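In the numbering used here, the protein residues as written are 29 to 429.
For each residue, glycine too, the CB sits at the ideal point set by N, CA and C.
Just so it is clear, the structure is predicted and the values come from calculations on it, not from any experiment.
The structure appears right after this line, and notes come after that.
Put into structure tokens, the structure is as follows:
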């Protein structure tokens, strides 16, 4: 049985409670006074920083290369690919080299998508495909490669021009096994872009038709896994593009194809039917795609049009009709724009960069040298890689101690 509390003990406990309440009340008053003073002096952020220190970028690593190395980067989730004239490398998010494959290329072209990358020499007959652990395969083709498309799952489509003027398309899986080939031999119809959808069932090809006095663009959907039936594997086409030149296009995760021409933005469904379109009143300077949204950067306003302020970036959802956000750079010119880790990085010519989430909220701002030629997010928005003519830099965003 518990011993009874004496009258003296009870008084001591009551005094302790009173003292605690008095101390707590004093602390509340001091905190309130501190907030009032900080509001009056503009130092409220100082108090917030004590509880949640601000974040800033620190240099984690760098990789040097020669000015003439033709260096290119692609940011993946767990690091970045670095291609030069003499090698293809992968470095993790701390900048450590994971692998290196040597080659000799006078004019290499790096294609990156998600956690995969492919490299080919312009006009060459060999291409290689990589993931973040190793080179998956290397293929030697019979004719010069004129186009290459890489899917998020690592499937590759290459287009070659044969000695008879026919455009041959071959598509390879992640093991380097060719599972589709087809010829396109239309006269005066030139293929300019390709893309593979996310489940590797459809190849979209954009063409320019120069048979008439006015150039016209159109898009063909080609069945590459036999799931769609059509003549020469083409099961759907969209020819609603008179007088236009298609500049960018990419499949989104829902199977729709987002397209930007020189006069409009439009989205095609899986049957190549236009489900949304918007006329352009500005010149387009950059386009960037993510899995479920895309962004368009606007330059100068077209003659006799009412357009966006130059330097405005507008983001749309997969259907295109919903404007997710609009962001205007103070300088009025977008020099860099890349998607990575579900975020959009935009930069001006003075080396100032901003990372935006899919809702337009700024995640960070960063000022680097004005000679940045490329920048990307490596999975986490706080892991950044940038490229200059002489080195690749890895930056980590951390909290101050």
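Would residue 325 and residue 362 be called neighbours here (beta carbons separated by less than 8 Å)?
yes
Pairing CB atoms from the stretch 281–295 with CB atoms from the stretch 337–348, are three or more of them under 8 Å?
Verdict: yes, contact present.
Quick check: the stretch 378–398 against the stretch 117–129, are at least 3 beta-carbon pairs closer than 8 Å?
no
Report the three-state DSSP secondary structure of residue 300 (helix, strand or coil).
coil
Can you name the start and end residues of the beta strand (DSSP E) that residue 174 belongs to?
173–178 is the span of the beta strand (DSSP E), which, as asked, contains residue 174.
Of all the CB atoms in chain E, is at least one closer than 8 Å to the CB of residue 201?
The structure shown contains no chain E, having only a single protein chain.
Below 8 Å, how does it come out for the stretch 414–424 and the stretch 127–135: are there three or more Cβ pairs, yes or no?
With contact defined as three or more Cβ pairs closer than 8 Å, the stretch 414–424 and the stretch 127–135 are not in contact.
Go through its chain and collect everything with a Cβ distance to residue 379's Cβ below 7 Å, but skip five positions before and after it.
395, 396, 397, 398 and 400
Smallest Cα separation from residue 252: which of 114, 403, 262 and 204?
262
N-terminal and C-terminal residue of the beta strand (DSSP E) that residue 272 is part of
Careful: residue 272 lies outside any beta strand (DSSP E) and carries neither H nor E.
Distance between residue 282 and residue 187 (C-alpha atoms, nearest Å)
25 Å
Looking at residue 300 and residue 381, is the spacing between their C-beta atoms short of 8 Å?
no
Distance between residue 308 and residue 322 (C-alpha atoms, nearest Å):
15 Å
Since residue 341 is in the beta strand (DSSP E), which residue starts that stretch and which ends it?
340–345
Considering just the uninterrupted stretch of the beta strand (DSSP E) at residue 323, what are its terminal residues?
321–329
Using the Cβ count rule (16 or more neighbours within 10 Å means buried), how would you classify residue 162?
exposed
Does the Cβ-Cβ distance between residue 118 and residue 160 come in under 8 Å?
yes
List the DSSP bridge partners of residue 108.
103 and 119
6 Å CB neighbourhood of residue 93 in its chain, flanking five on each side removed:
99 and 112
What does the alpha-carbon distance come out to for the pair residue 273 and residue 82?
46 Å
Is the distance from the Cβ of residue 217 to the Cβ of residue 237 below 8 Å?
yes
With a Cβ-Cβ cutoff of 8 Å, do residue 136 and residue 151 count as a contact?
No, these two residues do not count as a Cβ contact at 8 Å.
Where does residue 97 fall in DSSP's three states?
helix
Same chain, Cβ closer than 7 Å to residue 314, neighbours up to 5 away in sequence not counted:
325, 362 and 365
Which listed residue (336, 372 and 224) has its alpha carbon closest to that of residue 360:
336
Just to confirm, are residue 5 and residue 146 a CB contact at a threshold of 8 Å?
Nothing can be reported for residue 5: it is not among the residues displayed for the chain, which extend from 29 to 429.
Sub-8 Å separation of residue 290 and residue 310 beta-carbons:
In this structure, the beta-carbon distance from residue 290 to residue 310 does not fall below 8 Å.
Please list, in chain order, all residues of the same chain as residue 88 whose beta carbon is under 7 Å from its beta carbon, the five residues on each side excluded.
122, 123, 422, 423 and 424
Who are residue 423's beta bridge partners in DSSP?
87 and 412
Can you grab the Cα-Cα spacing for the pair residue 412 / residue 255, in whole Å?
40 Å
When the Cα atoms are used, what is the spatial distance from residue 320 to residue 190?
Rounded to the nearest angstrom, the two C-alpha atoms are 36 Å apart.
Alpha carbon to alpha carbon, how far is residue 207 from residue 414? Give it in angstroms, no decimals.
36 Å
Can you name the start and end residues of the beta strand (DSSP E) that residue 237 belongs to?
230–237
If I follow the unbroken beta strand (DSSP E) through residue 332, where does it start and stop?
Taken as a continuous stretch (DSSP letters only), residue 332 belongs to no beta strand (DSSP E), as it is neither H nor E.
Name the one or two DSSP bridge partners that residue 356 has.
Residue pairing of residue 356 in beta bridges, as defined by DSSP: 340.
Residue 174 versus residue 352 - alpha carbon distance
35 Å
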